[in-house]
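Below is one structure, written out as structure tokens, with a few remarks after it.
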Amino acid sequence: MMKTMTNLVLSASLLMGFSLLSTSALAQQETVDQQLEVPADVVVNIENMRGEVQIIGSDTNYAEVKGQLDEYATGFTFELDGSNLTIRVEMPNGGNFSGNDVSDLTVHLPRTAELHVSGVSSDFALSDFNSEIRVNTVSGDIDATNLTGDIRLSTVSGDVISRGLAGGIALKSVSGDIIDRDGAADKASYASTSGDVQATTSAREISAESVSGDVDLNLQTITRLVLKSVSGDVQASLNLADNGRIEGNSVSGDVELIFAGAVNANLEANVSGGGDIVNKLNNAQAEESKWGVGAHLNTKVGSGAGNIELTTMSGDIIIRKK
1 MMKTMTNLVL SASLLMGFSL LSTSALAQQE TVDQQLEVPA DVVVNIENMR
51 GEVQIIGSDT NYAEVKGQLD EYATGFTFEL DGSNLTIRVE MPNGGNFSGN
101 DVSDLTVHLP RTAELHVSGV SSDFALSDFN SEIRVNTVSG DIDATNLTGD
151 IRLSTVSGDV ISRGLAGGIA LKSVSGDIID RDGAADKASY ASTSGDVQAT
201 TSAREISAES VSGDVDLNLQ TITRLVLKSV SGDVQASLNL ADNGRIEGNS
251 VSGDVELIFA GAVNANLEAN VSGGGDIVNK LNNAQAEESK WGVGAHLNTK
301 VGSGAGNIEL TTMSGDIIIR KK
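First residue of the sequence shown? That's 1 in full-length UniProt numbering, and the numbers climb one at a time after it.
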């Protein structure tokens, strides 16, 4: 197997790094400027512990990295092995990195490159790719623009901000917010624990969940929608396709569905605690539980071709037209 390897050699006494076949040295905010010819279907692994990395796709057969390395970096790997490219900022194991001079890199790749990106306290910005994309970071933000393909973006305490995503997407954050704009995905999944979820998308199959954050969705015509919340409120504006299905449940948060067009579905709504059911799709009224707590509504709207099932313990359920 042909193997091309270019490592940046860095030293505090040099003004700039230089490249050899296989070398490494101490890096203290040294400059990177490296380029390799790569196949269009290259699989790229990018690892950066701290700082910011911008990754840009274009109609090229080159991989290029420019910018500065973390002041604690011990080396830089820029290595092509067949169709696998590794871009990694080498850092000491178990270090306490308190300095402010972090990595600041710009990476250019073929837009069809498959991406696997990871970091710790690292922000990533990606744009203009048509491929499989995986991004994972711990305390950093993820910004994604004009991506098409199988896309999975995940962070723990950062935000996920996206615009113009298509294909199949899954956006996840634990304590950060998720904001998806101008989405054209076929399927979309959004999940946050304590952050809010906001999405404007034409996806037809969608799932959105948050524990304590709110969920606000502006949708077009959907065939399947799954909504989950514990204490946060959920609101979705949409059209329901014939034979479409909606499932929504919460513990103490409200669930509100706003329909822009005609609704043809069997509607079942249940409140087991102190919440109310407000139905403005037809004249059917919720029935109170014989135990005095909770309410239930089961009604046919239009032809009843689709299905809507909504449950909550103590939140309100609101179903209305725009």
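Quick reminder that beta carbons are idealized off the backbone N, C-alpha and C, glycines included. These numbers were taken from a predicted model, which means no experiment stands behind them.
Item, Value
"At what residues does the beta strand (DSSP E) containing Val-43 begin and finish?", "43-58"
"With distance defined between alpha-carbon atoms, name the residue in Asp-242, Asp-177, Gly-292, Ser-189 nearest to Leu-165.", "Ser-189"
"Below 8 Å on the Cβ atoms is my guess for Ile-222 versus Gly-248; work out the distance and round it to an integer in Å.", "No, Ile-222 and Gly-248 are not in contact; Cβ-Cβ is about 12 Å, not under 8 Å."
"Suppose only complete runs of 3+ residues qualify. What are the beta strand (DSSP E) ranges in the segment 97-156, listed by chain order?", "103-110, 114-130, 133-137, 142-155"
"According to DSSP, what are the bridge partners of Tyr-62?", "Glu-37"
"Within this structure, are the beta carbons of Gly-94 and Ser-121 separated by less than 9 Å?", "no"
"At which residue ranges does the segment 164-238 contain complete beta strand (DSSP E) runs of 3 or more residues, listed in the order of the chain?", "166-173, 178-192, 197-201, 205-210, 215-229"
"So, is Asp-41 buried or exposed, given that buried needs 16 or more other C-beta atoms within 10 angstroms?", "exposed"
"Taking DSSP's pairing of strands, which residues face Gln-285 in a bridge?", "Looking at the DSSP assignment, Gln-285 forms no beta bridge with any residue, so it has no partner."
"Just curious, the beta strand (DSSP E) that Gly-315 is in, first and last residue?", "That residue, Gly-315, is in no beta strand (DSSP E); it is neither H nor E in DSSP."
"Round the Cβ separation of Ile-277 and Ala-286 to the nearest angstrom and send it over; I've been treating them as touching at under 8 Å.", "4 Å"
"Taking all protein chains shown into account, do 16 or more other C-beta atoms lie within 10 angstroms of the C-beta of Ser-289, making it buried, or fewer, making it exposed?", "exposed"
"What number of angstroms, rounded off, separates the C-alpha of Ala-73 from the C-alpha of Pro-92?", "7 Å"
"Gly-75 lies in the beta strand (DSSP E); which residues open and close that run?", "75-81"
"Just grab the DSSP bridge partners of Val-278 for me.", "Ile-318"
"Contact defined as beta carbons within less than 8 Å: I believe Gln-123 pairs with Glu-52. What is the distance between those atoms, to the nearest angstrom?", "Looking at the sequence shown, residue 123 is not Gln but Asp. Asp-123 to Glu-52, Cβ: 5 Å. Contact."
"Gly-67 bridges to which residues according to DSSP?", "Val-32, Leu-105"
"Exposed or buried, Ala-63, counting other C-beta atoms within 10 Å across all chains shown (16 or more means buried)?", "buried"
"Suppose you measure from the CA of Ser-118 to the CA of Asp-242; what does that come to, to the nearest Å?", "41 Å"
"Where does Leu-260 fall in DSSP's three states?", "Residue identity check: residue 260 is Ala in the sequence provided, not Leu. Three-state result, Ala-260: coil."
"Return the chain-ordered list of same chain residues with a C-beta closer than 6 Å to the C-beta of Gln-54, the five sequence neighbours on each side being excluded.", "Thr-106, Ala-125"
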